[in-house]
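So for the sequence shown, the working numbering puts the first residue at -11; every next one is plus one. Built from N, CA and C at the ideal position, the CB exists for glycine as well. Please read the structure below before turning to the comments.
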Amino acid sequence: MTAPRHDIVAIGNAIVDVIAHADDAFLSKHGMTKGGMMLIDNAQAAALYDTMGPGVEISGGSAANTVAGLASLGASAAFVGKVADDQLGRIFTHDIKAIGATFDTQPLTGPKAEESSTARCLILVTPDGQRTMNTYLGACIELGPEDIDETLFAGGLITYIEGYLWDQPRAKDAIVKAAAAARDAGRKVALTLSDSFCVDRHRETFIELTSGFVNLLFANEAEIKALYQTDDLDQAVAQIKGHTDIAAITRSEKGSLVVTGDEVLTVAAEPVSQVVDTTGAGDLYAAGFLRGLTSGRSLTDCAHIGHVCAAEIISHFGPRPEVASLADLVSQKMGRAA
């Protein structure tokens, strides 16, 4: 096996988030399920944007947020995702490269770029910190096998796949090509389930992936229950046990469970004085966990690092770290570097 070029190579939707405050009445009026993610078209995105309160534009996307966290933790990370050659696309490209991540996916140009602009996610944050997402995928749907550099994925210790990509037919082929390159090179493959609605749409595929293909699964409590169609967390844990090498299951303020074939570890959440916005919490937990794993830390330490990163994210608006260095924050909280 050749020496890795990156700790993590992530593939996901390249999205610019527009985040605004809203109350429960606003969500009800617009037919939104609180805490969920709904796919919308360009016209719906424009109409919703016009009715939202003042918003903040921040580069986002689940896997891209994880990459931002990894970079702040000192890891070497690369991202693959599709933007258009437009203003939002240039913002996204600038932001992800500015944090030190590798991002070489060619943007969508020409007539296709006019039809499918860079993706955006309109996020409504209620007073309890819950985020409800409305996503226009735009250029993301154009991600395909031609965008996959197999040497990039062969050169990453872990390939990290965003579950939301399964909503896009051509992206599935891209994922298969990327994951195959990683596995053929003797690398590991990780998958995040993204959200319970995504699980409902792709349950069979996700179960197949976790049965022997994916080495590491990230999910929250609602997602893992949705995967196995049960209201009993213990039952879901029993079913995932042994299907993948490691499953990391987040439970908000209850911390997380780390499940292997031999044991179930319970790791406490990192205390936070006030929950401002939960956008990106799972993404940053994954960043911390992955950083710990590629650094040879114990699974308990991996989860603890994930909780430190998640606590930083939910203490402010937006899905990207605001501290100068997550690595320094982890060092302060745990007494040693990630």
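Problem - DSSP state of L112 mapped onto helix, strand, coil - result: strand
Exercise for the section: Output yes or no for whether 7 Å exceeds the beta carbon distance between N1 and A107. Expected result: yes
Exercise for the section: Kindly indicate the opening and closing residues of the alpha helix (DSSP H) around R189. Expected result: 184 to 198
Exercise for the section: Would you kindly check if the distance between the Cβ of A63 and the Cβ of D137 is under 7 Å? Expected result: no
Exercise for the section: For Q217, count neighbouring C-beta atoms within 10 Å of its own C-beta (all shown protein chains included) and say buried if the count is 16 or more, exposed if not. Expected result: exposed
Problem - As assigned by DSSP and simplified to three states, the class of A132 - result: Looking at the sequence itself, residue 132 is Gly, so the reference to Ala does not match. Correct three-state label for G132: coil.
Practice task
Would you mind working out which of Q75, A(-9), L145 sits nearest A359, comparing C-alpha positions?
Solution key: For the chain, the structure presents residues -11 to 326; residue 359 sits outside this window and is missing.
Practice task
Going by CA-CA distance only, name the one from V246, L36, G268, F91 that's closest to I46.
Solution key: G268
Problem - Ordered list of beta strand (DSSP E) runs contained in the region 277 to 309, each at least 3 residues - result: none
Exercise for the section: State buried or exposed for T193, treating a residue as buried only when at least 16 other CB atoms are found within 10 Å of its CB. Expected result: exposed
Handout entry: Per DSSP, the bridge partner or partners of H(-6)
Key = G144
Problem - Three-state secondary structure (DSSP) of N208 - result: strand
Practice task
From the DSSP output, in three-state form, read off T139 for me.
Solution key: helix
Practice task
In angstroms with no decimal places, state the Cα-to-Cα distance between T254 and P99.
Solution key: 51 Å
Practice task
Please look up how many angstroms separate the CB atoms of K213 and D219, rounded, as I've assumed it's under 8 Å.
Solution key: 6 Å
Handout entry: Same chain, Cβ closer than 6 Å to H190, neighbours up to 5 away in sequence not counted
Key = W154
Handout entry: Expected contact under 8 Å - CB spacing of Y273 and G243 to nearest Å
Key = So it is not a contact: roughly 10 Å between Cβ atoms.
Practice task
Have a look at P(-8), G24, E310 and flag the residue whose alpha-carbon is nearest the alpha-carbon of G143.
Solution key: P(-8)
Exercise for the section: Find the nearest neighbour of K321 within the set I7, A257, G132, judged by alpha-carbon distance. Expected result: A257
Handout entry: With 16 other Cβ atoms within 10 Å as the buried cut-off, status of G174
Key = exposed
Exercise for the section: Mind checking which residues open and close the beta strand (DSSP E) that includes M26? Expected result: 25 to 27
Problem - First through last residue of the beta strand (DSSP E) which encompasses R119 - result: 119 to 124
Exercise for the section: Would you check if the distance between the CB atom of S345 and the CB atom of E150 is smaller than 7 Å? Expected result: Residue 345 is absent from the structure shown; the chain starts at -11 and stops at 326.
Practice task
Taking only the alpha-carbon atoms, compute the straight-line gap between A(-2) and S261 and give it to the nearest angstrom.
Solution key: 31 Å
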